[in-house]
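Enquirer: Submitted below is the structure of interest, expressed as structure tokens.
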Amino acid sequence: MSLLRPLLLDVVPTIQQTAALALGRLANYNDDLAEAVVKGDILPQLVYSLAEQNRFYKKAAAFVLRAVAKHSPQLAQAIVDCGALDTLVICLEDFDPGVKEAAAWALGYIARHNSELSQAVVDAGAVPLLVLCIQEPEIALKRIAASDLSDISKHSPELAQTVVDAGAIAHLAQMILNPDAKLKRQVLSALSQIAKHSVDLAEMVVEAEIFPVVLTCLKDKDEYVKKNASTLIREIAKHTPELSQLIVNAGGVAAVIDCIGSCKGNIRLPGIMMLGYVAAHSENLAMAVIISKGVPQLSVCLSEEPEDHIKAATAWALAQIGRHTPEHARAVAVTNILPVLLSLYMSPESSEDLQVKASA
Amino acid sequence: MARLAQLQQRAALLAHQFYFRNSVVDAFRKKENDAAVTIQSWYRGCKVRTYIRYLHRVATVIQKWWRSYLGKKCYQRKIKLAYHDMKMNIYNAMAVRIQKQWRGYKIRKYCFNYYCFKAYLRAISETNDAVREALDEFAEMKEREEKKADLEREERKRDYEARKMHYLLSTKQIPGVYNSPFRINPDPWELRLQNAKPLTPPRPKARRKRVHHLESWLACTSTRSFPRTHILPPINRKQCQGPFRDISEVLAQRYKPLEPTLRVAEPITTLKEARNEFRKWDSAKNVQENIFLPFSSYHKNRKYIPSMHLSSKYGSGHRFRDENPAKWIGGKDFQTILPSFGLFSSYGKLYSKAGHIL
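Chains A and L supply the protein sequences, listed in that same order. For the record, in the first sequence the residue sitting at position 240 is 240 according to the numbering used here, with numbers rising by one throughout. For the record, in the second sequence the residue sitting at position 262 is 262 according to the numbering used here, with numbers rising by one throughout.
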């Protein structure tokens, strides 16, 4: 580290860039090395020269900041303390899309850890610039900006409200139609983090006219796109009966049931929970889930899945469907799932959670 | 007198007789008295008893009537209460009937319409089916597109291979690899090779046009470079007629490096930029960024009291170097940066030898 630091101050720009790249790769590998980078007081120098140098140096320096920030909240706090946020936000205004991407990536890793750091990123004025970055034509930049917005808005409702006030929802909703799978993953994750906090935010997401386009994402080839799409629908459905009604009227329940049928393992979990939430609101909605052939699918899930937490979720969803009236209970019982539930309840291997849910 | 004696005699007897008869009477008198007393007491007792009996009877009658009165009152109260209860029960029963009818009507009309609900569920299942169909179609379309893209990629790869292997094409003399004489029909690759255009070896990638800064112009020109165009000049173009100048002279003249005037070569803010750069190099040597504050500022705790000239409104704030744009005549400040004149910039660069010391 003591050898690299003077190289950062070298006259030749290529040496500076290469030194910064080397530091970045070192910090990327291990968090002890990242701590050494922080302790070696390299960050203030990096931040100071970030403002003035050419775009290659900016990319390399942003790479260093990102590599340091990704390991732990304390390191990210150290980066914020040396005033890197303002410089990174200035980099976001640069013309070169590579610089913007590197700066946005660094900001995303900083904001990921906890809500104070996210608040610091928002206070530095990053959100409007990120919304501008989303509209750029480069796919990589869009991906990073979308994942940034997702990381910022996941911590608290105020941060999500800030992101919404910057007008992000309209752009994110437009990007659902983009064919790139990784971009769709990030966009859907961002929308679901926004919608999960409160009814108003969920309503704003719905007003952006994402239904029925989101249902096509449930048929995507990429597993994580399906998972994020069903997460988004779950976060919208869990708030009020009206929102669930909207989803049911748009045919979302059938799409989610088909999606559950085509996936395996953890990907199914948000879809199962979504069915449980919809059925929990009222008996009409539970009846709607029943006639969409949800119960046979859920019983298949319960029998097939090896993992306990998925089985617990399925048992919970079935309980929510069957608890309203005798008609509903009959519909659940017809699929011969009750012996399976009983065996799960009795079995000594299932976790307590599973047993509690199975007994409901 | 005899008589008297007789009477006296008799008197003693009389006395005895009198006493005896009285005492006999007395004897009976007590008995009779007792008897009379007994009779009287009995009679009195009877009278009293009769009276008491009478009183009892009368009291009984009064009590009887009083008790009947009380009883009737109680009974009436009970009847009143029972009547009230009965009425309330009837009212409740009637109210329940009305409420039953109303509730049924209300639920059927406003809250839960069974037929409406059934229709809604049917609509939902229809929507579900439609959505499922649409999604299946969408998935199918996506798959078809992917397959098409795959096929196209394969096609392009085969095309590229055919272009690379075009020399394996069969000639009249030598049958090619894919056109064995023992086959009935040539291999389909043969046809592909026939249609393929020969692949030329990759040209060295055209170097990206670098942005030419002013400083780099002087360094990057090569005296032997020709201007490169995209197309070569045609072969059978008529030769230019001579005589030609010496090629080295021509190149020297054509590629004479740029000699900018002083005005263009040095930016107008050289001094400021040089100062900034100097400051930057200096600050790079710093161990830490805070400047060292002198200790004299610890004494500076007195509040500054401005002089009278400065604290009044009139003629105040008027310092020697203040500018007052309102007072300018032409509306513009003095020009501090004047256009340079090019008298000395073309010294020694013209062809004429005027002014040279020979």
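From the three backbone atoms N, C-alpha and C, an ideal C-beta is built for every residue, glycine too.
Among L/A196, L/I124, L/E145 and L/K148, which one has its Cα closest to the Cα of L/D159?
Expert: Ranking the options by Cα distance to L/D159, first place goes to L/A196.
Enquirer: For A/A78, which residues from the same chain have a beta carbon less than 8 Å from its beta carbon, with the 5 sequence-adjacent residues on both sides left out?
Expert: So the list reads V38, L43 and V68, once near-sequence residues are dropped.
Enquirer: Using the Cβ count rule (16 or more neighbours within 10 Å means buried), how would you classify A/L183?
Expert: A/L183 is buried by the Cβ-count criterion.
Enquirer: Going by beta carbon distance, what residues of the same chain come within less than 6 Å of A/A103, once the five residues before and after it are set aside?
Expert: Answer for A/A103: A62, L88, C91 and L92, listed in chain order.
Enquirer: Assess, as a yes-or-no matter, whether the region 6-15 of chain A is touched by the region 27-41 of chain A under the definition of 3 or more beta carbon pairs within less than 8 Å.
Expert: No contact exists between the region 27-41 of chain A and the region 6-15 of chain A.
Enquirer: Would you report the Cα separation of L/A354 and L/G348, rounded to the nearest angstrom?
Expert: The alpha-carbon atoms of L/A354 and L/G348 are separated by roughly 9 Å.
Enquirer: Would you mind telling me which residues of chain A sit closer than 8 Å to L/A139, beta carbon to beta carbon, in chain order?
Expert: Going along chain A in sequence order, the residues near L/A139 (Cβ under 8 Å) are K219.
Enquirer: Does the beta carbon of L/Y347 come closer than 8 Å to any beta carbon on chain A?
Expert: So no, L/Y347 is outside the interface.
Enquirer: Using a Cβ cut-off of 8 Å, pull out every chain L residue sitting near A/S244, in sequence order please.
Expert: Under the 8 Å cutoff, chain L gives no residues; its nearest Cβ is about 12 Å from A/S244.
Enquirer: What are the start and end residues of the alpha helix (DSSP H) that includes A/M248?
Expert: Reading the sequence as shown, one finds Val at residue 248 of chain A and not Met. A/V248 -> alpha helix (DSSP H) spans P241 to N249.
Enquirer: Can you have a look at A/L275 and say buried or exposed, based on whether 16 or more other CB atoms are within 10 angstroms of its CB?
Expert: With 16 or more other Cβ atoms within 10 Å, it is buried.
Enquirer: Compute the beta-carbon to beta-carbon distance between A/A237 and A/V278, rounded to the nearest angstrom, for a pair I have assumed lies under 8 Å.
Expert: A/A237 to A/V278, Cβ: 5 Å. Contact.
Enquirer: From the beta carbon of A/I291, is the nearest beta carbon of chain L less than 8 Å away?
Expert: So yes, A/I291 belongs to the interface.
Enquirer: Anything in chain L within Cβ reach of A/P137, meaning under 7 Å, just list it in chain order.
Expert: Correct list: empty, because the minimum Cβ distance to chain L is about 21 Å.
Enquirer: For the region 204-234 of chain A, which residues have a CB atom closer than 9 Å to at least one CB atom of chain L, in sequence order?
Expert: Hits within the stretch, in order: P212, L215, T216, L218, K219, D220 and K221.
Enquirer: Listed in chain order, which residues of the region 1-32 of chain A have Cβ atoms closer than 8 Å to some Cβ of chain L?
Expert: Against chain L - using a Cβ distance shorter than 8 Å - the residues of the region 1-32 of chain A are L9.
Enquirer: According to DSSP, is L/A354 part of a helix, a strand, or is it coil?
Expert: L/A354: coil per DSSP, three-state reduction.
Enquirer: Does the Cβ of A/M273 have 16 or more other Cβ atoms within 10 Å, making it buried, or fewer, making it exposed?
Expert: With 16 or more other Cβ atoms within 10 Å, it is buried.
Enquirer: Would you grab the beta carbon distance between A/G390 and A/K59 for me? Rounded to a whole angstrom, and I think it's under 8 Å.
Expert: Here chain A covers residues 1 to 360 and nothing more, so residue 390 of chain A does not appear.
Enquirer: Can you tell me whether DSSP reads L/R224 as helix, strand or coil?
Expert: Confidence at L/R224 is low in this model, with a pLDDT of 48, below 50, so its placement is unreliable and no value can be given for it.
Enquirer: Applying a beta-carbon distance threshold of less than 8 Å, which residues of chain A neighbour L/V250?
Expert: What L/V250 touches in chain A: nothing, since even the nearest Cβ is about 37 Å away.
Enquirer: Should L/H299 be labelled buried (16 or more other beta-carbon atoms within 10 Å of its own) or exposed?
Expert: L/H299 should be labelled exposed.
Enquirer: Is A/G167 helix, strand or coil by DSSP?
Expert: Three-state DSSP puts A/G167 in coil, outside helix and strand.
Enquirer: By Cβ distance below 6 Å, which residues in the same chain neighbour A/D151 in space, the five residues on each side in sequence not counted?
Expert: Contacts found: G108, A111 and R112.
Enquirer: To the nearest angstrom, how far is the alpha carbon of A/L201 from that of A/Q161?
Expert: Taking the straight line joining both Cα atoms gives about 7 Å.
Enquirer: At what residues does the alpha helix (DSSP H) containing A/P137 begin and finish?
Expert: That residue, A/P137, is in no alpha helix (DSSP H); it is neither H nor E in DSSP.
Enquirer: For a minimum of 4 consecutive residues, which ranges assigned as the alpha helix (DSSP H) are wholly contained in the region 203-277 of chain A?
Expert: Complete alpha helix (DSSP H) runs here, min 4: 213-217, 223-237, 241-249 and 252-262.
Enquirer: Of all the alpha helix (DSSP H) runs that stay within the bounds of the region 285-336 of chain L, which reach a length of 4 or more residues?
Expert: Whole alpha helix (DSSP H) segments, 4+ residues: 308-311.
Enquirer: Measuring alpha carbon to alpha carbon, tell me which of A/H197, A/S292 and A/Q174 ends up nearest A/F211.
Expert: The residue with the shortest Cα to Cα distance from A/F211 is A/Q174.
Enquirer: Under 8 Å: do the region 186-205 of chain A and the region 215-234 of chain A share three or more Cβ pairs, one atom per stretch?
Expert: A contact exists between the region 186-205 of chain A and the region 215-234 of chain A.
Enquirer: Is A/C91 helix, strand or coil when you go by DSSP?
Expert: Reduced to three states, the DSSP call for A/C91 is helix.
Enquirer: Hey, could you find the ends of the alpha helix (DSSP H) A/M1 is sitting in?
Expert: Premise fails: A/M1 is in no alpha helix (DSSP H) and is neither H nor E.
Enquirer: Kindly say whether L/A274, judged by its beta-carbon, lies nearer than 8 Å to any beta-carbon of chain A.
Expert: No, no contact with chain A.
Enquirer: Any beta-carbon of chain A closer than 8 Å to the one on L/N195?
Expert: Chain A, which has no Cβ nearer than 8 Å to the Cβ of L/N195, makes this no.
Enquirer: Buried or exposed, going by whether 16 or more other CB atoms sit within 10 Å of the CB of A/L191?
Expert: Counting Cβ neighbours within 10 Å, A/L191 comes out buried, since at least 16 surround it.
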